[in-house]
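Worksheet for the structure shown next.
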Amino acid sequence: EYVVALAGLAYMTDENCQGPYYDSSNYEVYFGPMPLEGGMIMMGAYSDGACIYPHEQTTSTYDDFYQGGGIDLGSKDEGQDDATNEQLSEWWYAAQEYTMELFNEVYSDYLYCTSCMDYPTYQDGYFIGDDGTDDDDLINQCWKFYSHDSFNLPADGLAQAAMQGGVTSVKYGSASFGNTFEGQYSDGGSRQSSGSGAKAASYQEQRVERLKANLYLTVAGIVFVATFLAFAVARGSSKKKKSSSRSRSRRLLDADYGGGGSDRRRS
17 EYVVALAGLA YMTDENCQGP YYDSSNYEVY FGPMPLEGGM IMMGAYSDGA
67 CIYPHEQTTS TYDDFYQGGG IDLGSKDEGQ DDATNEQLSE WWYAAQEYTM
117 ELFNEVYSDY LYCTSCMDYP TYQDGYFIGD DGTDDDDLIN QCWKFYSHDS
167 FNLPADGLAQ AAMQGGVTSV KYGSASFGNT FEGQYSDGGS RQSSGSGAKA
217 ASYQEQRVER LKANLYLTVA GIVFVATFLA FAVARGSSKK KKSSSRSRSR
267 RLLDADYGGG GSDRRRS
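Residue numbers (our numbering): 17 to 283.
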């Protein structure tokens, strides 16, 4: 698990978005972590330099362009003999493929909050102290996990992940993102039952219904405005016709009265 975790992090690199690359069809392609349902990830292909929009045309994967630098565990954990080194290399390279199946499997236990355990200190291939279990030699699992190549996620990144549907339930200040799933811990420390999955499904259904309602209101508003404009134009045109008709009638009447007066004067 240790080897797979480090191999996956090295495979992704520290970059949020890599590229541009050009595939066999000369499409411009970018690669970066792509969130998947249930909190999993893969190295996906994108069409933009911010790695937001999935590429719909390329058939290339990150593996077609990735050039690794070889196994690097950063310690003496590589082993002391050829057989051990061969096994470590096998795990390392098996983890570095674009679906990141092994990497997701290792990190699946960390998709929800777990208790922070103290473990014997094991550094550079050796226990610290006699057996790593002395009071001053124990190391906290959560600190170890956080301190080894972890990255802080900004609020906009969390909102983006929630929008893409690839983040589990996370509370950030007063805002909540994502959905709970079976096995996830609640704020009180107990695991969520299968009912939490039903709540998540219900929440998704509510979101769909709200979207439908908003779409209906938007369409209704557009139809109302279009109807109002059509009525206003028709009414304006009607007024112009009436005004033109009255002016014509007035001229005819004036002409009739003028003609009658001159006839009377001549008689």
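Where a beta carbon is used, it is the ideal one built from N, C-alpha and C, also for glycine.
Original post:
Is the beta carbon of residue 122 less than 8 Å from the beta carbon of residue 17?
Top reply: yes
Original post:
Exposed or buried, residue 75, counting other C-beta atoms within 10 Å across all chains shown (16 or more means buried)?
Top reply: exposed
**OP:** Look up residue 34 in the DSSP assignment and say whether it is helix, strand or coil.
**Re:** strand
**OP:** Would you tell me roughly how many angstroms separate the C-alpha atoms of residue 69 and residue 247, rounded to the nearest one?
**Re:** 42 Å
**OP:** Decide yes or no for the touch test of the segment 52–64 against the segment 111–126: beta carbon pairs closer than 8 Å, at least 3 of them.
**Re:** yes
Original post:
Looking only at C-alpha atoms, which of 37, 88 and 36 sits nearest to residue 106?
Top reply: 88
Original post:
Is it the case that the Cβ atoms of residue 26 and residue 47 are separated by a distance below 8 Å?
Top reply: no
Original post:
Can you name the start and end residues of the alpha helix (DSSP H) that residue 102 belongs to?
Top reply: 98–111
Subject >> Inter-residue spacing [alpha-carbon to alpha-carbon] between residue 210 and residue 195 >> reply: With a pLDDT of only 37 at residue 210, under 50, the local geometry of the prediction cannot be trusted, and the value read off the model is given with reservation. Using only the alpha carbons, I get a separation of about 13 Å.
**OP:** On the DSSP bridge assignment, give the partners of residue 59 in chain order.
**Re:** 49
Original post:
Thinking C-beta only, is residue 104 closer than 8 Å to residue 20?
Top reply: no
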